[in-house]
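Chains as they are written, first to last, in my numbering: chain H, 1 to 207; chain B, 1001 to 1455. Yeah, the Cβ is synthetic: ideal placement off N, Cα and C, and Gly gets one too. Data first, discussion second: the structure below is written as structure tokens.
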């Protein structure tokens, strides 16, 4: 198949940024749902990536994620986003219990020279689908979050990024001596996203 | 972005800069490298600077003879030093916390002025349990449901009063009255949760002991026709009839009628004693609400009511005394009125009035939070949870297919039972679990919240 002629298979920086930031939106929703950070009933089912995905209906969470993905896509287009981390913390103690780490490698040539790359939508979707499946199945090995939790999102950017008005600098909210599980990656040929979840060692298991 | 990229090292190499800048850089490139270009001290890295001034220059000078190992070392070093050049950012406005923390209203709202939604308690949108209630009389003016302090729910279906024990979900029949006396028009548990008063269509009121399933006595001669409302105040059982009279009965003594309140011209359909037992609120089909005071009644003054509230434009059945503010009464009007009104019963002043868009059949206060639940008829037949005093709708619970005539609250205050004209009894977990007294609320869980006040 001559993919050269099919307009669909050309991917631009903008398109790639849109795919990646949208992915973060769905991934964040999925994590919040699957990890029970917000009550099940506050989510609705939609079809995405060939999977039933859940999206929050809570206005506060919704607008948080919308603002987040909008900003992420801006940074992605500038090639300045290195990493996005979704942190789940205990509401009572603020202890970090889980870190969902999405590392991003940007093809600098695309950013600098504005060239485009070739990869079919279908293939990218398939890769994202695999990650989403892994997120959904993560509850089987992640320790139970049996206390009320809150979440936050950290964006690791290049140092030369001007801090937007609505953002502040944060500490990395690391987990001491965590367990880590690497999930699938996806690659738009412009942005490569590696997913990794690290979580607090369950003391129970160690004994 | 440009302003922010000034201290970027990659930009100093400047392939894509404007010509002027590029030239300038080239000229300086060999000697001064980049030590003049550091705008703040926190970004200074002396090791890196040293490296760039000494080693770095050497590398550049003999770039052609540079070994791959050296290049790799340089790269790795740069990468390590690059750690400094990552910014970790987070939104100032944190996502809403999932579960409502009651004191947070006061502690965090001041710190988060921009936070629109306070963390909310989850309110299930559907009923937790549905029971059949066949032959439930669909009559707005009656009071056929009550949940006693011993956690037993009493409901009158036609001529029969059933008891449903909430602790073990068992149902038993208390009494079936004869056809000529029925149907049952009101039920009310005594404060002890053991004795129950049953008002009948034939103007009688029966007192039953639910523990022994035995009738204790019948109160006769207080009303001319059906008794649609009942309210207990210790040993006083207050009855309201279709004749517009309100009678205080002392159930311990033979001649039980101790006082009669005359003020309503039509059927008394709502009766509630305040928690202190000092004031009685009554609502009638004549659109009136009266506040009666115990002390005034005994003085036998000609005008017995303390206040006569004439603002409703339809029958008033829904009455609820506020559990956290002793002189606050909420009243709800029927189909032609549709408002919930709040009263200061000391002064008789109307504090607020909210149009709900549908007849108000029943009102209940949440014992644990400042919230009010109302039940409605056409068109939605829904229950509405209101925040007090803002009267913001927190939830609308639908499920009933006919007007929700009666509501009762479990003794722990969490669960609400509602009975509707669709002959179902539904249980709603609307008021949530009472929060165990929290230790002094943490000022704010977010370590950076103070920074929000920069502006």
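Neighbour flag for residue 1096 of chain B against chain H, beta carbons, 7 Å: yes
Ranges of the beta strand (DSSP E) found wholly within the region 1204-1244 of chain B, counting only runs of at least 3: 1205-1209, 1214-1219, 1227-1233 and 1236-1241
Minimum Cβ-Cβ distance from residue 178 of chain H to chain B less than 7 Å: no
Cβ-Cβ distance between residue 1171 of chain B and residue 1227 of chain B below 7 Å: no
Under 7 Å between C-beta atoms of residue 1202 of chain B and residue 1183 of chain B: no
C-beta neighbour in chain B for residue 197 of chain H, strict 7 Å: no
Interfacial residues, the region 124-137 of chain H to chain B, with Cβ spacing under 8 Å: none
Extent of the continuous alpha helix (DSSP H) run through residue 33 of chain H: 13-34
Three-pair Cβ contact test at 8 Å for the region 1371-1382 of chain B versus the region 1400-1416 of chain B: yes
C-beta neighbour in chain B for residue 155 of chain H, strict 7 Å: yes
Secondary structure of residue 1449 of chain B, DSSP reduced to three states: With a pLDDT of 40 at residue 1449 of chain B, under the threshold of 50, the predicted position of this residue should be treated as unreliable, and no value is reported.
Residue 73 of chain H in three-state terms, based on DSSP: helix
Length of the line joining the Cα atoms of residue 1351 of chain B and residue 1313 of chain B: 17 Å
Short Cβ contact (7 Å threshold) for residue 1394 of chain B with residue 1385 of chain B: yes
Whole-angstrom distance between residue 1262 of chain B and residue 1245 of chain B, CA atom to CA atom: 5 Å
Neighbour list for residue 167 of chain H in chain B, Cβ cutoff strictly below 8 Å: 1089, 1090, 1091 and 1092
Contacts around residue 69 of chain H, its chain only, beta-carbon distance under 8 Å, and the 5 residues preceding and following it disregarded: 21, 22, 24 and 25
Where residue 1137 of chain B sits in the DSSP three-state scheme: coil
CB contact check: residue 1086 of chain B to chain H, cutoff 7 Å: yes
Near the ligand MN: residue 1090 of chain B beta-carbon under 6 Å from a heavy atom: The ligand MN is not part of this structure, which contains no ligands at all.
Beta-carbon proximity list for residue 1322 of chain B, same chain, < 6 Å, skipping 5 on both sides: 1328 and 1365
Own chain residues within Cβ distance below 6 Å of residue 1294 of chain B, not counting five before or after: 1278
Separation of residue 129 of chain H from residue 1048 of chain B, as counted between CA atoms: 43 Å
For residue 62 of chain H, the three-state DSSP class (helix, strand or coil): helix
Continuous beta strand (DSSP E) stretch holding residue 99 of chain H: start and end: 96-106
Same chain only: Cβ atoms within 6 Å of residue 1190 of chain B, ignoring 5 sequence neighbours per side: 1232
Residue 1152 of chain B vs residue 1163 of chain B beta-carbon contact at 7 Å: yes
Under 8 Å by beta carbon: chain H residues contacting residue 1122 of chain B: 39, 41 and 42
Neighbourhood of residue 158 of chain H by C-beta distance below 6 Å, restricted to the same chain and skipping five residues each side: 80
Cβ-based neighbour list, residue 177 of chain H, same chain, cut-off 7 Å, excluding 5 preceding and 5 following: 201
CA-to-CA distance, residue 1345 of chain B to residue 1147 of chain B, given in whole angstroms: 26 Å
Assigned exposure category for residue 197 of chain H - 16 Cβ within 10 Å defines buried: buried
Candidates B/1319, B/1193 and B/1338, of which the one nearest residue 1330 of chain B by Cα: B/1319
3-residue-minimum beta strand (DSSP E) runs that sit fully inside the region 1350-1420 of chain B, ordered along the chain: 1360-1365, 1371-1376, 1383-1387, 1393-1397, 1404-1409 and 1416-1420
Simplified DSSP assignment, three categories, for residue 118 of chain H: strand
Beta-carbon neighbours of residue 152 of chain H, restricted to chain B and to distances below 9 Å: 1090, 1091, 1094, 1095 and 1446
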